[in-house]
Each structure stands twice: as structure tokens, then as C-alpha cells.
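**Student:** Shown below is the structure under consideration.
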Amino acid sequence: MGGYSMIPPNESRRREMQRMAQKEEEDLKRWKEGHRPGPLSLPPAQLGGAISMTEARQRQFLELRESKYRKKLKQEDDKRKRKEAEEMEIQQKKVLQREKAIRLEERRRQEENLRKEQLRYDHQLSTQQFLQRFENFTVDPVPPSSESELLEENQKWKEEERERELQKEHKRVNAKFLDQIQAHAQSGRKELPFPVNTEEERDFHTNGAQDVPKSLEPILQESEEDGYDLEWTVMKLQTSFPSCERAFLEDIVIQCNGDYNQAYKLLLCIIS
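What follows is the structure, encoded as C-alpha cells:
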């Protein structure tokens with residue numbers, strides 16, 4: 005550890021400084037004693053102003069309530085200003101979107117007009133090319149064989165169309181007859197107006213109940229040759245029920261799966 009040395013103070017200088025400090029302190033005390041303020045002497049007066057305590061409290065209450073109203077009005081005013089600013093911003097956005105939509109519509113209209121012009125030009129070009137090909141084209145005479153084939157196809161198409169019309173007419177008559185059956189069944193009448201084929205009825209009354217009408221002779225021969233039970237069943241039913249049309253009897257037989265007894269009982273139930 006390093007050593008240190010103490011220097012003794014200067015006693016004469018120290019005593020001089022203490023004497024000067026004591027003298028200055030005594031001078032400060034004498035100055036304060038010489039400049040001390042005297043007592044106050046004010047005239048008596050009533051404190052609290054020129055109004056009573058009740059009026060002061062009422063005025064304070066009114067000021068408090070008005071401050072609440074002012075605060076509420078300020079909030080409403082701020083809210084109104086904020087809403088107006090939002091509406092203005094929305095209107096500006098709407099204006100921008102409207103302008104954008106107008107520009108898009110104008111562009112679409114221009115593109116549509118350009119497309120129409122292009123289509124018109126292409127159509128005119130194709131028409132001119134077709135007319136040129138048509139002018140340069142020489143029609144070859146149609147050979148007689150082609151004419152006969154066309155006539156045959158036309159005749160075949162007419163026959164098919166006639167068959168379709170007949171089928172539609174049969175379906176319409178059968179549907180009308182079934183509606184009449186349902187109506188008479190609901191009304192409780194016993195006699196039913198079956199569709200009648202005039203020529204077959206006349207043949208039936210002329211030849212007797214057991215004779216087959218002439219219109220059924222080709223069908224009978226075909227059924228005997230082919231062994232087709234459906235035609236035979238229809239023929240027997242038409243013999244027993246000559247007042248019913250063949251198409252109606254065929255529908256009954258098809259519904260009964262070709263069973264003659266079931267079809268016969270069904271027709272008896274319908275008639276009775």
C-alpha cells in the first residue's frame with residue numbers, strides 16, 4: 005500500500021475566515037429585523053360575491069348540465085362530419101367506377117362494331133366466292149335411274165308419313181274411348197258407346213254373329229300361316245265384340261299379355 009502525508013491547516017487563515025463568516029451572518033440578521041413587515045389592517049367585507057349559495061349551486065348545476073349537452077352535441081357533430089366524409093368518399097368511388105364502366109362499355113361497343121364489320125366483310129367475301137363457284141359450276145343432267153330412286157324414296161316417305169298419321173288417329177280414338185268408358189263408369193250407365201266400324205258391323209249383321217268380317221280374313225290367314233296368337237286372340241274378341249274397334253281390342257290383349265279369357269272377362273266387365 006502506498007503511504008500518504010497530512011498537511012496541517014493554517015490556523016491564522018482559518019480563524020480569519022471564521023470571523024468574516026460570523027460577521028456577515030450578524031449583518032444579515034440585523035437587516036431582516038430592520039425590514040420586517042408590519043401588521044395588516046383591512047376593513048371587514050362579506051365574502052362569496054353578490055349571490056347566495058342556493059343561486060350559486062343552481063348556476064353550477066345548470067353549467068354542468070349544459071356542459072353535458074355541449075359534449076353530446078359535439079359528439080353528434082363529429083359523427084355527422086365523419087359520416088359526411090365517408091359518404092363523400094363513397095360518392096367519389098362511385099364516380100370512378102361509373103367512369104370506368106363507361107370506358108369499358110365504350111371499348112366493348114367499339115370491339116362489337118369491329119367484329120360486325122369483320123363478319124360483314126367475311127360474309128361478303130364468302131358470298132362472292134360462292135357466286136363465282138356457282139357461275140363456274142355446270143349442272144350435270146340427272147340420270148333416269150336417279151330420278152326413279154328419288155321417286156321411290158319420296159313414295160316411301162309418303163307411305164311412312166301416312167302410317168304415322170293412322171297410328172296417331174288410332175291412339176286419339178282409343179284415348180277418347182277410354183275417357184268415355186271412365187265417364188260412363190262414374191255415371192253408372194250400362195250401355196257404352198263403343199267406336200263402331202260401319203262396314204264390319206254391316207257384315208256382322210248380314211252374315212251372323214259367328215261369321216268373321218271380311219276385313220279380318222287376311223288377318224286370319226296370316227295368323228294361321230305364322231301361328232301368331234295375338235292376331236288370333238284379337239280376331240276371336242272381334243267376333244265376340246264386333247262393335248269394338250280392332251285397335252282397342254289390340255290394346256286390351258296387350259294389357260292382358262295375350263290371354264283370351266282375361267281379355268274377354270275384362271271386356272265383359274267394361275260393357276256390364
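At position 245 of the sequence shown (counting the first as 1) the number is 249 in our numbering, and the numbers step up by one without a gap. By construction, the Cβ of each residue, glycine as well, lies at the ideal position given by its N, Cα and C atoms. As the structure is a prediction and not an experimental result, all values here were calculated from the model.
Go ahead and pull the three-state DSSP assignment for N261.
**Tutor:** Taking the first residue of the sequence shown as position 1, residue 261 is located at position 257. Looking at N261 - three-state DSSP - the assignment turns out to be coil, as it is neither helix nor strand.
**Student:** Might you give, ordered along the chain, the residues of its own chain that have their beta carbon closer than 7 angstroms to the beta carbon of K240, omitting 5 neighbours on each side?
**Tutor:** What you label residue 240 is simply residue 236 of the sequence shown in a count that begins at 1. Only Y264 meet the Cβ criterion.
**Student:** Locate the alpha helix (DSSP H) running through F134, then write down its first and last residues.
**Tutor:** Within the sequence shown, residue 134 is the residue found at index 130, counting from 1. Taken as a continuous stretch (DSSP letters only), the alpha helix (DSSP H) holding F134 covers M57 to N140.
**Student:** Taking the beta carbon of V99 as the centre, do at least 16 other beta carbons fall within 10 Å, making it buried, or is it exposed?
**Tutor:** For the purposes of this step, residue 99 is identified with residue 95 of the sequence shown, where counting begins at 1. Burial call: exposed.
**Student:** When we look at the beta-carbon of R250 and count the other beta-carbons within 10 Å, is it buried (16 or more) or exposed?
**Tutor:** For this step, residue 250 is matched to residue 246 along the sequence shown. The residue in question, R250, is buried, as its Cβ has 16 or more Cβ neighbours within 10 Å.
**Student:** Determine the extent of the alpha helix (DSSP H) in which G38 is found, giving its start and end residues.
**Tutor:** Sequence index remark: in the sequence shown, residue 38 carries index 34 (1-based). Counting along the chain, the alpha helix (DSSP H) containing G38 begins and ends at E15 to G38.
**Student:** Which of the three DSSP states, helix, strand or coil, is assigned to Y8?
**Tutor:** Taking the first residue of the sequence shown as 1, we reach residue 8 at position 4. Here Y8 sits in coil by DSSP.
**Student:** Is DSSP giving S247 helix, strand or coil here?
**Tutor:** Position 243 of the sequence shown, counting from 1, holds the residue named residue 247. Coil at S247, not helix or strand.
**Student:** Would you mind giving the Cβ-Cβ distance between Q266 and L253, rounded to the nearest angstrom? I have them listed as a contact below 8 angstroms.
**Tutor:** Your numbering for residue 266 matches position 262 in the sequence shown. Your numbering for residue 253 matches position 249 in the sequence shown. Incorrect: roughly 13 angstroms between the Cβ atoms, too far for contact.
**Student:** Taking the C-alpha atoms as reference points, what is the distance between C273 and H174?
**Tutor:** Position 269 of the sequence shown, counting from 1, holds the residue named residue 273. Position 170 of the sequence shown, counting from 1, holds the residue named residue 174. C273 and H174: Cα-Cα distance of roughly 23 angstroms.
**Student:** Please state the DSSP three-state secondary structure of A267.
**Tutor:** Position 263 of the sequence shown, counted from the start, is the residue given in the question as residue 267. Here A267 sits in helix by DSSP.
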